[in-house]
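Heads up, the thing below is written out as structure tokens.
Numbering (our numbering), first residue to last: 2 to 253.
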């Protein structure tokens, strides 16, 4: 029988955990010590193993949705800011728009970030009276605290989405630890369940029975081969001391 993939193992564990929602499965297992804490452990180990598929690609390009929102903000305010400053505060306009022009796509994150930084500098320590007056005028034209808070939040989201991805070697090692812990839990409790539960319908709900292919409706059922722990490959390095099953990737 070919070795099961991590995804196949996760599906077996999920089916087993879902089947435990049947009181006729939980009742006999409770008599051999299976309780809510054991069930919660199974869900935790499954979650820790599964999360790697979603977190291992952390980092990378900025979300197109965020880029579009920043671009929309620029399209709304760039001309208003430039026109407001050009006639009344030309020297401030030159300072704010030095080497800046409207852009699109991912570069808009950098250009708008620069524009926002320069607008904020108009009220920073050391700003001239003219610069403060210019900033007050911009606020009256709609570039107020609310508009600035909106774009600051979008720029922060763009920055977070481009964080460095986690080390792939560390991910692979932690994934192996998580998978081994999940499968060991399943091996233990699936064997005990097979031994203590006689009801074939309940066993089927736990994933232990399959229908033979090509059989009629009253077909016989056969027991799926009992899973056995796979021996660890000899060249695989031992996990670093203290490495425990845990979710991968950034957490809030």
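Quick reminder that beta carbons are idealized off the backbone N, C-alpha and C, glycines included.
**C-beta contact flag for residue 124 and residue 136 at 8 Å** = Contact check for residue 124 against residue 136 passes: the beta carbons are separated by less than 8 Å.
**Prompt:** What span of residues does the alpha helix (DSSP H) with residue 82 cover, start to end?
**Reply:** From DSSP, the alpha helix (DSSP H) with residue 82 extends over 65-89.
**Request:** Answer yes or no: do residue 144 and residue 110 have a C-beta to C-beta separation smaller than 8 Å?
**Result:** no
**Item:** Simplified DSSP state of residue 210, which is helix, strand or coil
**Value:** strand
**Request:** Note down the Cα distance separating residue 197 from residue 28, rounded to an integer number of angstroms.
**Result:** 10 Å
**Which of helix, strand or coil DSSP assigns to residue 98** = Residue state, collapsed to three classes: coil.
**Request:** Would you identify the three-state DSSP class for residue 183, choosing helix, strand or coil?
**Result:** helix
**DSSP-derived helix/strand/coil call for residue 32** = coil
**Message:** Classify residue 161: buried if its beta carbon has 16 or more other beta carbons within 10 angstroms, exposed otherwise.
**Reply:** exposed
**Prompt:** Is the Cβ-Cβ distance between residue 25 and residue 200 less than 8 Å?
**Reply:** Contact flag set, yes.
**the stretch 5-24 / the stretch 145-161 touching (three or more Cβ pairs under 8 Å)** = Proximity of the stretch 5-24 to the stretch 145-161 falls short of the contact definition, fewer than three beta-carbon pairs being nearer than 8 Å.
**Request:** Could you give the DSSP three-state label for residue 175: helix, strand or coil?
**Result:** Here residue 175 sits in helix by DSSP.
**Request:** Excluding the 5 residues preceding and the 5 following residue 14 in the sequence, name in chain order all residues of the same chain whose CB lies nearer than 7 Å to its CB.
**Result:** 43, 47, 183, 187
**Item:** Three or more C-beta pairs below 8 Å linking the stretch 173-180 and the stretch 28-38
**Value:** no
**Asked** What do you get for residue 126, buried or exposed, if any count of 16 or more other CB atoms within 10 angstroms of its CB means buried?
**Response** exposed
**Item:** Length of the line joining the Cα atoms of residue 104 and residue 95
**Value:** Cα to Cα, the separation comes out at about 18 Å.
**Asked** So, are the CB atoms of residue 131 and residue 93 less than 8 Å apart?
**Response** Taking 8 Å as the Cβ cut-off, residue 131 and residue 93 qualify as a contacting pair.
**Request:** Between the Cα of residue 116 and those of 91, 128, 90, 74, spot the shortest distance and give me the residue it belongs to.
**Result:** 74
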